[in-house]
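For reference, the structure is listed below as C-alpha cells.
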Amino acid sequence: MKFNKITLSFLFLLCAKISFGQINISEQIQPSSLAKQDANALYFVDFWATWCGPCIHVSKYLESLQEQYPNNFYVVSLTKESPDIVDRFMKKHKMNLAVAIDYEGETFKKNNVRSLPYGILYNAYGDELWKGHPADLKGYQIGGFLNKNKKTIPVSEMIKLHEYEKFVVVEEEIQEDELIITNLNFVEDNSELRTSEHKSYLELKGDLKAILAYTLNSHRNQIEIPDELNKSYEIRFKLDSRAYFEQTKMLLKKLKLKKTDAELEGEVIVFDIKDPRFWGDNEIDWGPDTPKFLIGDSEIKADGVSLEEVKYKLINLLDTPIVLRHDNIDVKLVHDWDIHYKYFDLMVSGMWDSYGIDVAKKNIKYPKYVITKRGFF
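Sequence positions in the sequence shown follow mature numbering (1 follows the signal peptide of the UniProt record, and there is no 0) and run -21 to -1, 1 to 356.
Structure below.
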C-alpha cells in the first residue's frame, strides 16, 4: 500500500510537470521545415513580434541552430499578434521555423515575458533548462542538454492547440514606463535634436519635427507639421520595449496625432543596394558604455549600428534627404561602419568598395510625412 501511494504521488507530480511545461497555442501558422523528427527531447520557445526588429535577426540565428540540430530539438516561434498580421509579415520575410499564435498572450504571461526577443528551452518533462536572449544560446549548449535529456515527446503533446471560436484582435496598450513624454517650455531654438542613450532608456530632446525626423530616419524638411503642434518635448523610450521598436506609431498615438504619407520632389542622395557586402559587427569594438558613433571632419565611424541609423546620421551631416533602394534587406540589422562623407566622389567610391552600395544624386520623388491632429472618429 505504501508503495502504491508513492507511485501514485510520483505519477501525479510527473503529469503536473508535463502539463505545466506544455506550450499552449491557439493557432499553428506553419510547422517547421527544418526539424526532422516528430518526437523531440528539447523544445525551444522563441517569443517574438513582427514589430521587433532584433527578433528577425534572432530568427535567422535560430534557423541555423535548428539546421545544426534537426533531430530531437524543435524551435517554435510564438507571437501574441493576430494571424492576419503574422501572415502579412511572412509574405515579406520567409520563415523556416515553426510559427504559432499565443491567444491572449497566455504563454507570454505564464512565463513573465516582458521584453523581446526572449526564449525558453524545455525538456520533454516540461523542465525549464535555459532562458534568456535567444542569441545567447549556443550550439554546444544544446549538444550538452541533448546528452543529459534522452526522453522524447511528440510535438502535438508538447505544443497543445487550444482552438477558440472567435479571435478578437485588440491592440495591446503599452505600459506607462515604456514611453514618457514631458512637455518642455523652452524659448530657445529646439530644431536641433539632442539624443542620449542611458542604461534603460533612449532620451530625445527637441521640437516634434526634429524628434519625428529621428524616429522616421528622415530629413527635417520631410516632416510637415503646423506650428501650433510643433512643441518641444523630452521623450523617453524604454529600451527593448514595444514603444522603443515602434517609436513613431506610439509617440503619435500618445500625442493624439496622425501621420499621412505624401511626396516631395527634388534632389536627394540615393543608396541603391543590390549586392550588399556589409561588414559584420566585430570589425570595430569600442567596448561597452561607449558612444556608437565617432564623427570627424571627414569620416564617420560606427560600432554596431543599423543601416537606418547610419542613414539618419548622414542625412544630418550632408543636410540632404537620403533614399534607400533595396531588395528585402533588413535595414535594422547592426553592422560596423567607416564612411568618408566630406567629398562626395570619395563617399561614392568608398561606399561601393566597402559595402556594395551604389551612391548617386538624383532628382526624384521621395517621402513626405504630414502630421495633423487625430479626428474623433
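Cβ coordinates follow ideal geometry from the N, Cα and C atoms, glycine included.
#### Entry: Same chain only: Cβ atoms within 8 angstroms of residue 8, ignoring 5 sequence neighbours per side
For this step, residue 8 is matched to residue 29 along the sequence shown. Cβ within range, chain order: 62, 65, 66, 69, 78, 79, 80.
### Task
Please determine, among 234, 313, 332, 116, the residue with the shortest C-alpha to C-alpha distance to residue 33.
Residue 33 sits at position 54 when you count from the first residue of the sequence shown. If we check each option's Cα against that of residue 33, 313 comes out closest.
### Query
Taking the continuous alpha helix (DSSP H) assigned at residue 323, which residues delimit it?
Residue mapping note: residue 323 aligns to position 344 of the sequence shown, counting from 1. Membership of residue 323 in the alpha helix (DSSP H) is indicated by the continuous run 323 to 334.
#### Entry: Presumed contact (8 angstroms Cβ cut-off) between residue 48 and residue 22, rounded CB distance
Translated into the one-based positions of the sequence shown, residue 48 becomes position 69. Translated into the one-based positions of the sequence shown, residue 22 becomes position 43. Not quite, the Cβ-Cβ distance comes to about 12 angstroms (not below 8 angstroms), so this is no contact.
### Query
How many Å lie between residue 336 and residue 213 at the Cα?
As a position in the sequence shown, residue 336 is number 357, starting the count at 1. As a position in the sequence shown, residue 213 is number 234, starting the count at 1. If you take the alpha carbons of residue 336 and residue 213, they lie about 35 angstroms apart.
### Query
What's the call for residue 288, buried or exposed, on a 16-neighbour Cβ count within 10 Å?
Numbered from its first residue, the sequence shown carries residue 288 at position 309. Classified as buried, residue 288 has 16 or more neighbouring CB atoms from the shown chains inside 10 Å of its CB.
### Query
Thinking just about the alpha-carbon of each residue, which of 30, 199, 218 is nearest to the one in residue 291?
In the sequence shown, the residue the question calls residue 291 occupies position 312. Out of 30, 199, 218, 199 has the C-alpha closest to the C-alpha of residue 291.
### residue 312 in three-state terms, based on DSSP
Along the sequence shown, read from residue 1 onward, the residue named residue 312 stands at position 333. Three-state result, residue 312: coil.
### Query
With residue 243 and residue 73 assumed to form a contact (beta carbons below 8 angstroms), what rounded beta-carbon distance in angstroms separates them?
Walking along the sequence shown from the start, residue 243 turns up at place 264. Walking along the sequence shown from the start, residue 73 turns up at place 94. With a Cβ gap of about 33 angstroms, residue 243 and residue 73 do not count as contacting.
### Message
Quick check: the Cα distance between residue 286 and residue 131, rounded to an integer number of angstroms?
### Response
In the sequence shown, residue 286 corresponds to position 307, counting from 1. In the sequence shown, residue 131 corresponds to position 152, counting from 1. Spanning the two alpha carbons is a distance of roughly 43 angstroms.
### Query
Would the segment 154 to 164 and the segment 206 to 226 be scored as touching if the rule is three or more Cβ pairs under 8 angstroms?
Segments in contact, yes.
### Message
Let me check understanding here. Comparing Cα to Cα, which of 259, 300, 221, 308 lies closest to residue 316?
### Response
Position 337 of the sequence shown, counted from the first residue, corresponds to residue 316. Nearest C-alpha to residue 316: 259.
### Message
Cutting at 7 angstroms between CB atoms, please list the residues of its own chain near residue 340, excluding the five before and the five after it.
### Response
By one-based count along the sequence shown, residue 340 stands at place 361. Excluding the 5 residues flanking it on each side, residue 340 has same chain C-beta neighbours closer than 7 angstroms at 246, 248, in chain order.
### Message
Below 8 angstroms on the Cβ atoms is my contact criterion, and I expect residue 46 with residue 13 to pass it. Report the Cβ-Cβ distance as a whole number of Å.
### Response
Counted from its first residue, the sequence shown places residue 46 at position 67. Counted from its first residue, the sequence shown places residue 13 at position 34. Correct: roughly 6 angstroms between the Cβ atoms.
### Task
Determine the extent of the alpha helix (DSSP H) in which residue 181 is found, giving its start and end residues.
Your numbering for residue 181 matches position 202 in the sequence shown. Counting along the chain, residue 181 sits inside no alpha helix (DSSP H); it lies in the beta strand (DSSP E) bounded by residues 180 to 186.
### Task
Report back the beta-carbon spacing between residue 97 and residue 5 to the nearest angstrom; my notes put them in contact at under 8 angstroms.
Translated into the one-based positions of the sequence shown, residue 97 becomes position 118. Translated into the one-based positions of the sequence shown, residue 5 becomes position 26. Contact between residue 97 and residue 5 does not hold, since their C-beta atoms are separated by about 19 angstroms, which reaches or exceeds 8 angstroms.
### Task
May I ask you to report which of helix, strand or coil DSSP gives residue 14?
Translated into positions along the sequence shown, residue 14 becomes position 35. Residue 14 falls in the coil class under three-state DSSP.
### Query
So, helix, strand or coil for residue 280, using DSSP?
Looking up residue 280 in the sequence shown gives position 301. Residue 280 falls in the strand class under three-state DSSP.
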